[in-house]
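**Q** The following block contains the structure, expressed as structure tokens.
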Amino acid sequence: MNPLIFKDLFRFVLLLFLVAGLSYGVHYFVVTSYFSQQTLELVNFAYKFNVGITLLFTSTIILASSHLKEQLGFIFLISGMVKLGIFYFLIKTSGFDLDKSVFLHFFVPYALSVVVEIIYIAKILNRTNFSKDR
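Counted the way our numbering counts, the sequence shown spans residues 7 to 140.
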């Protein structure tokens, strides 16, 4: 296996945890200062879910990138829809109340995770030589 893949994986994990950790710190401060305990539980759930699922899906994409380079973009798009579907299902079954006032508590960790994911998928796609296989 290509050693560059493990370097990408390590950098991805490091960047994901750094960005999520910093964001969570700010988010935690704001929520504990201005919102209820249930809102903090939603924020905790949103960060755990988004970081965990992004780590799982993107690590898999990075590890499979040499074999599935033609399909990486499609896999990324499908994984985004699957993440939203799973999150919606888990929120509805766990009893959290979702309304417009708590939208950002979900959207911030989701958007940060997607941005980190896009950075690494784009990096892999930019370095991939599609003409070499033909």
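Note that CB positions come from ideal geometry on N, CA and C, so glycine has one too.
When the Cα of residue 120 is compared with those of 62, 45, 37, which residue comes out closest?
**A** Translated into the one-based positions of the sequence shown, residue 120 becomes position 114. For the residues 62, 45, 37, the minimum Cα distance to residue 120 belongs to 62.
**Q** When you compare only the Cα positions, how much space is there between residue 12 and residue 69?
**A** Residue numbering aside, residue 12 sits at position 6 when the sequence shown is read from its first letter. Residue numbering aside, residue 69 sits at position 63 when the sequence shown is read from its first letter. C-alpha separation (whole angstroms): 8 Å.
**Q** Our contact map puts residue 29 next to residue 114 with C-beta atoms below 8 Å; I'd like the distance itself, whole angstroms only.
**A** By 1-based counting over the sequence shown, the position of residue 29 is 23. By 1-based counting over the sequence shown, the position of residue 114 is 108. At roughly 6 Å, the Cβ-Cβ gap stays under 8 Å, so residue 29 and residue 114 are in contact.
**Q** Any idea what DSSP makes of residue 123, helix, strand or coil?
**A** The residue given as residue 123 occupies position 117 in the sequence shown. Helix.
**Q** Just the C-alpha distance for residue 31 and residue 39, rounded to the nearest angstrom, thanks.
**A** Indexing the sequence shown from 1 puts residue 31 at position 25. Indexing the sequence shown from 1 puts residue 39 at position 33. In a straight line, the C-alpha of residue 31 is about 12 Å away from that of residue 39.
**Q** Output needed for residue 140: all residues of its chain with C-beta closer than 6 Å, excluding positions within five of it in sequence on either side, in chain order.
**A** Sequence index remark: in the sequence shown, residue 140 carries index 134 (1-based). Any reading at residue 140 needs caution, since the residue's pLDDT is 49, under 50, leaving its predicted position unreliable; the model's value is listed next. If we look at residue 140 and ignore the five residues flanking it on each side, it has no Cβ neighbours.
**Q** Pop quiz: residue 22 and residue 60 are said to be a contact at Cβ under 8 Å. What is the actual Cβ separation, rounded to whole angstroms?
**A** What you label residue 22 is simply residue 16 of the sequence shown in a count that begins at 1. What you label residue 60 is simply residue 54 of the sequence shown in a count that begins at 1. That pair is a contact at about 6 Å.
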